[in-house]
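Here's the structure we're looking at; comments come further down.
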Amino acid sequence: MRGISVIGFWVCAAGAVAQPVRPLAEGLHRQVLPLYRDLHEAEVGSLGIVGDSVSLLDASYNWQLRNHFWDDFGSGGDGYLALARFNGNCGSNGGGPRCGIESIRGPGSFVSEDTGAWEPLGYSTPDGMWGQLRFDRVPGNWTVKTYGREVVVHYTRRTGGGAFRLLLNGSPVATIDTGLPAGEPQAGAYLLDTGEDDPDTLSTIRFEMDSTLPVQINAVEMRSAGGGLRYHRLARGGCGPARYLESMTTANAELLRSLDLDLLIIMLDAAAGDGNNEPALYQANLETLVDWYRAELSGVPMVLVTHHPFTPEIEAQADVILDVARTRGLGYVNFYDLFSGFDEMDALGYMNGIVHLSPAGGAYFGGYLYDLLTTAADQALLADWNADGEFDFFDVQAFLDSFSGGGADLNGDGVSNFFDVQMFLAAFSAAHE
Numbered sequence: 129m130r131g132i133s134v135i136g137f138w139v140c141a142a143g144a145v146a147q148p149v150r151p152l153a154e155g156l157h158r159q160v161l162p163l164y165r166d167l168h169e170a171e172v173g174s175l176g177i178v179g180d181s182v183s184l185l186d187a188s189y190n191w192q193l194r195n196h197f198w199d200d201f202g203s204g205g206d207g208y209l210a211l212a213r214f215n216g217n218c219g220s221n222g223g224g225p226r227c228g229i230e231s232i233r234g235p236g237s238f239v240s241e242d243t244g245a246w247e248p249l250g251y252s253t254p255d256g257m258w259g260q261l262r263f264d265r266v267p268g269n270w271t272v273k274t275y276g277r278e279v280v281v282h283y284t285r286r287t288g289g290g291a292f293r294l295l296l297n298g299s300p301v302a303t304i305d306t307g308l309p310a311g312e313p314q315a316g317a318y319l320l321d322t323g324e325d326d327p328d329t330l331s332t333i334r335f336e337m338d339s340t341l342p343v344q345i346n347a348v349e350m351r352s353a354g355g356g357l358r359y360h361r362l363a364r365g366g367c368g369p370a371r372y373l374e375s376m377t378t379a380n381a382e383l384l385r386s387l388d389l390d391l392l393i394i395m396l397d398a399a400a401g402d403g404n405n406e407p408a409l410y411q412a413n414l415e416t417l418v419d420w421y422r423a424e425l426s427g428v429p430m431v432l433v434t435h436h437p438f439t440p441e442i443e444a445q446a447d448v449i450l451d452v453a454r455t456r457g458l459g460y461v462n463f464y465d466l467f468s469g470f471d472e473m474d475a476l477g478y479m480n481g482i483v484h485l486s487p488a489g490g491a492y493f494g495g496y497l498y499d500l501l502t503t504a505a506d507q508a509l510l511a512d513w514n515a516d517g518e519f520d521f522f523d524v525q526a527f528l529d530s531f532s533g534g535g536a537d538l539n540g541d542g543v544s545n546f547f548d549v550q551m552f553l554a555a556f557s558a559a560h561e
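What follows is the structure in structure tokens.
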């Protein structure tokens, strides 16, 4: 562990007498319970992270968080990965999409930017990223190399959309029509069984136009045959809540629901349209976005995370994020108060430029967040003794029944005694903080 011993402790202002400012974490237990229960039962746990470039770049915390999950629980697959930013850097720090995952663009293939304002074709995607095949003197084609027993090809159905052929390792599999006669764009998905149970074996998937009409293919979602964490990268550079409001569409909601998320982490600071020095505007945009996710992804647990203190403006946003989380009963993680500011982080080697994390910074925050979530989950799994998803009297009653029958050896010392009761009550109390 990395020094995380208490969930929900307070940061105190210098010189103040126990004046609470912001907790470093709050409300995590209920939010992380479904994900970790699936993982402990060797099922797939599905995690998505909505964010900006700090949750996108290969050196950043999100990939290191994924790696910690994979080390402890195994990989449930490489998850949703937009074609517009598909290839990793295959660096030695283990960040980014895995080595071997590759996009090979043929003639007539086009992609969006992975940063900045949404374009109309991106409104149907969770990260504003899209790919398209067009008839550019010749029919467009595109090849990707992927891992996983199953690969879901995510495309958009829209008026004027064409058809494309899908090939697996050189063999034709299907012809898919992306056209609609009328109406708003819809999410389309084709589930491809690669036949590969080995999570480290690559498959080659090729898309070929089957008409002269354009085809929009946005991403592939890679699923392993076994249990473990499946991480979905849902981030876009340079974007705060205001940009993400453009993705509040039926097509995107359909796509997000198909990911079967067990936990959604949201880490967005104020960017274009949010007003860097207007906390009220930032809060209004964040509330609108979070409420849309909650409405469209009913029952999906959520944790809101602040940015690290690369600029003083993050402090006001940290307060806003805490308020949004508290009023909606969501989890909250505060990176801002871990360091005094940019200078301290830079001196530690955690910064790459004025905003982004270095590999060392990504490793620190990825490990810190993993330990924070896991500590809360360990307590939650104990507190929810009857596994009904609640922390209540019935858990205490169920624990006492187990204890009286000698089946409550929580500390593994071979006997059920006072120390096990103490351990349960500590976890139960923490889950109620």
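Quick note: to get this note's numbering, add 128 to the position in the sequence shown (first position is 1). Yeah, the Cβ is synthetic: ideal placement off N, Cα and C, and Gly gets one too. The structure displayed is predicted, hence computed values, not measured ones.
| Test item: CB-CB of SER299 and ASN380 under 8 Å | no
| message | Pull the bridge partners of MET350 from the DSSP assignment, please. | response | GLY207 and VAL279
| said: Nearest by alpha-carbon distance to GLU247: which of PHE470, ILE482, CYS367 and ASN413 is it? | reply: CYS367
| Hey, how far is the Cα of PHE493 from the Cα of TYR359? | 17 Å
| query | For VAL281 versus ILE345, is the C-beta spacing smaller than 8 Å? | reply | yes
| query | In terms of DSSP beta bridges, what is ILE109 paired with? | reply | The chain is shown from 129 up to 561; residue 109 falls before or after that span and cannot be answered.
| field | As assigned by DSSP and simplified to three states, the class of ALA302 | value | strand
| field | Span separating the alpha-carbon of SER240 from that of LEU211 | value | 9 Å
| How close, in whole Å, do the beta carbons of ASP390 and ASP180 come, if the pair is a contact with beta carbons under 8 Å? | In fact, because the Cβ distance is near 23 Å, the residues do not count as touching under 8 Å.
| request: Return the CA-CA distance between VAL452 and ALA446, expressed in angstroms with no decimal places. | output: 10 Å
| Residues of its chain near ALA291, where Cβ-Cβ distance is below 8 Å and the 5 sequence neighbours each way are ignored | THR303, ILE304, ASP305, THR306, GLY307, MET337, ASP338, SER339, LEU341 and VAL343
| field | ASP541 classed as buried or exposed, judged by whether at least 16 other C-beta atoms fall within 10 angstroms | value | exposed
| query | Which one of LEU476, MET430 and ILE442 has the shortest CA to CA distance from GLY457? | reply | MET430
| Distance between GLY365 and GLN411 (C-alpha atoms, nearest Å) | 20 Å
| query | Grouping DSSP H, G and I as helix and E and B as strand, with all else coil, what is VAL134? | reply | The pLDDT assigned to VAL134 is 38, lower than 50, so where the model puts this residue is not dependable; a value taken from the coordinates is nonetheless given after this. Residue state, collapsed to three classes: coil.
| Considering only residues of the same chain and omitting the five flanking positions on each side of LEU497, which have a CB-CB separation below 7 Å? | TYR189, LEU193 and VAL461
| query | Can you tell which of PHE521, GLY427 and HIS484 has its C-alpha closest to the C-alpha of LEU553? | reply | PHE521
| Assigned exposure category for ILE394 - 16 Cβ within 10 Å defines buried | buried
| CA nearest to the CA of ASN269, picked from PRO225, GLY259 and ASP516 | GLY259
| Under three-state DSSP, which class holds TYR478? | coil
| Considering only residues of the same chain and omitting the five flanking positions on each side of SER544, which have a CB-CB separation below 6 Å? | PHE531, GLY534, ALA536 and ASP537
| query | Where do the N-terminal and C-terminal ends of the beta strand (DSSP E) with VAL172 fall, by residue? | reply | 172-179
| request: Please go through the same chain and pick out, in chain order, the residues whose beta-carbon is closer than 8 Å to the beta-carbon of GLY316, but skip the five residues on each side of it. | output: HIS282, TYR283, THR284, ARG285, ILE304 and THR306
| query | Any C-beta of chain B sitting closer than 8 Å to the C-beta of LEU391? | reply | Annotation note: the requested chain B is absent from the structure, which comprises a single protein chain.
| Where does LYS521 fall in DSSP's three states? | Sequence inspection shows Phe at residue 521; the Lys mentioned does not correspond to that position. PHE521 falls in the helix class under three-state DSSP.
| field | Buried or exposed by the 16-neighbour rule on C-beta atoms within 10 Å, applied to ARG277 | value | buried
| task | For ILE333, count neighbouring Cβ atoms within 10 angstroms of its own Cβ and tell me buried if that reaches 16, exposed if not. | result | buried
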